[in-house]
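Asks:
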DNA sequence: GTCTATAAAGGGATAGAC
DNA sequence: GTCTATCCCTTTATAGAC
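Protein chains in written order, with the working numbering: chain C, 16 to 224; chain E, 16 to 224.
And the structure:
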């Protein structure tokens, strides 16, 4: 038997490498309790490894946190990819699709929790703010601004600042719901549909040709 | 001499009561370092009192934090008061004034720092989220929605959801600048003026009669 | 590489004198 | 009410066996 010893990691007994188990446990605990309230002991226990093993992989708590946050940022970046081509759709429908692919991750529990974590620790890790923004929200803004640019070239909208138009659109989608979400309030999906529809209307009232 | 003993409190030697000194020190440190990274020892030192005195005023760290956050929320509420009457102004000008009285506190360093703190500790103190929202951003939203209501009754705008119109307007003002601010990026005032002017334009394109 | 056991430090909270 | 000194627990980090 190769598993005479407990070599499975994490609460569910996954068979990933210990390194990944440690990162998964760290991710869960950092997101749930924050940097200060998460102990290396708790991470080791959750990952089913000893504390010394943690220090074999990472020189300290800060390095482990940085690695965790970095990996999570990359995950977000993967989620944010807008692969589908919206150029053929009519303006209103394209905006609705953009809105949904923006709202879905932005209001999802995991990403809200990560954002809380980054905001909490941005004073301790100042470099984390730009890393997170550029790999998540900033990327999304760029994608939307790119769409605005193409829509303008196709004569669908008129504006001399595509970035600002995108920022206004996404700002209306966040409205104050996103802030309330960060502050712990539950936001239901159906009310977000209203927010989306109305944001599209207002955007088109200003920019649609 | 009445000051044969060091009865001044805080770093600047103010003559407020010890209670206020403690709260001031706690405010500064909690905002700067967060709940977890702020020690009662540091608060006592900053307030120029002994640690035991802290516990004479507040039963523990959590109670001191709650009192600090509550007082800070009340401060914000006072700042948020929109005392001036905007009913006589033309729509665009009223919106600009509203926008400025919204943007100024929302992007100010103190309030951004407080918001960071509340978001950081909302998992530890779930009741803090609604308290902060209702006394700060929520109140602002209500005020703006009230203005929208009056503007509609005067025939300046047309909408069947004043709250949503207000949320869209304020959402465009936050845009992604507010998120970037939370993540540590500096936002200069002059670029916010552009944001304000454009938000007014878009709002009027949709809602102005 | 991985574990058990432990050192070293820091912080929340309290006892007792004044 | 306020201070000094201290208790006790948690946490980071490491030493040494396997």
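Here a beta-carbon is modelled for each residue, glycine too, at the ideal position from N, C-alpha and C.
#1: Drop a sphere of 10 angstroms on the beta-carbon of residue 105/C, count the other beta-carbons inside from all chains shown, and report buried for 16 or more, exposed for fewer.
#2: Which same chain residues end up closer than 6 Å to residue 128/C when comparing Cβ atoms and leaving out the 5 residues on each side of it in sequence?
#3: List the residues of chain E that residue 133/C touches, going by C-beta distances under 8 Å, in chain order.
#4: Along the chain, where does the alpha helix (DSSP H) containing residue 129/E start, and where does it finish?
#5: Measure from the C-beta of residue 156/C to each C-beta in chain E and report whether the shortest distance is under 8 Å.
#6: Can you tell me where the alpha helix (DSSP H) with residue 7/C in it begins and where it stops?
#7: Would you tell me roughly how many angstroms separate the C-alpha atoms of residue 49/E and residue 135/C, rounded to the nearest one?
#8: Comparing alpha-carbon positions, which option in 206/E, 167/E, 56/E and 118/E lies nearest residue 222/E?
#9: By the 9 Å beta-carbon criterion, what residues does the region 98-114 of chain E contribute toward chain C?
#10: Which whole runs of the beta strand (DSSP E) in the region 37-98 of chain C are 3 residues long or more, in chain order?
#11: Rounded to the nearest angstrom, how far is the Cβ of residue 51/E from that of residue 144/C, given a contact under 8 Å?
#12: Any Cβ of chain C within less than 8 Å of the Cβ of residue 224/E?
#13: Leaving out five residues before and five after residue 117/C in sequence, what residues of the same chain have Cβ atoms less than 8 Å from its Cβ?
#14: With a threshold of 7 Å, establish whether the CB of residue 159/E neighbours any heavy atom of the ligand HEM.
#15: Output the boundary residues of the alpha helix (DSSP H) element that contains residue 260/E.
#16: Using only the alpha-carbon positions, how far apart do residue 22/E and residue 101/E sit?
#17: Output yes or no for whether 8 Å exceeds the beta carbon distance between residue 57/E and residue 44/E.
#18: Would you say residue 57/C lies against chain E (beta-carbon separation less than 8 Å)?
#19: Taking the alpha helix (DSSP H) that residue 174/E falls in, what are its first and last residues?
Replies: The relevant details are as follows:
#1: Counting Cβ neighbours within 10 Å, residue 105/C comes out exposed, since fewer than 16 surround it.
#2: So the qualifying residues of the chain are 46.
#3: Ordered by position in chain E, the residues that pass the 8 Å Cβ test against residue 133/C are 198.
#4: Residue range 124-136 is occupied by the alpha helix (DSSP H) that includes residue 129/E.
#5: Residue 156/C counts as touching chain E.
#6: Because chain C spans 16 through 224 in this model, residue 7/C falls outside it and cannot be assessed.
#7: Their backbone Cα atoms lie some 8 Å apart in a straight line.
#8: The shortest CA-to-CA distance from residue 222/E to any of 206/E, 167/E, 56/E and 118/E is the one to 167/E.
#9: Answer in chain order: no residues at all.
#10: Listed in chain order, nothing qualifies, since the region 37-98 of chain C has no complete beta strand (DSSP E) run of 3 or more residues.
#11: Between residue 144/C and residue 51/E the Cβ distance is about 19 Å, and since that is not below 8 Å, they are no contact.
#12: Chain C contact via Cβ: absent.
#13: Counting only Cβ-Cβ distances below 8 Å, and skipping sequence neighbours, we find 155, 159, 185 and 188.
#14: No copy of the ligand HEM appears in this structure; indeed no ligand is present at all.
#15: This structure does not reach residue 260/E, given that chain E is present from 16 up to 224, and the question cannot be answered.
#16: With a pLDDT of 41 at residue 22/E, under the threshold of 50, the modelled position of that residue is not reliable, and the figure given next carries that caveat. Distance between the alpha carbons of residue 22/E and residue 101/E: 47 Å.
#17: Yes. Within cutoff.
#18: Under the Cβ criterion of 8 Å, residue 57/C is not counted among the residues facing chain E.
#19: Run containing residue 174/E: none; DSSP gives neither H nor E here.
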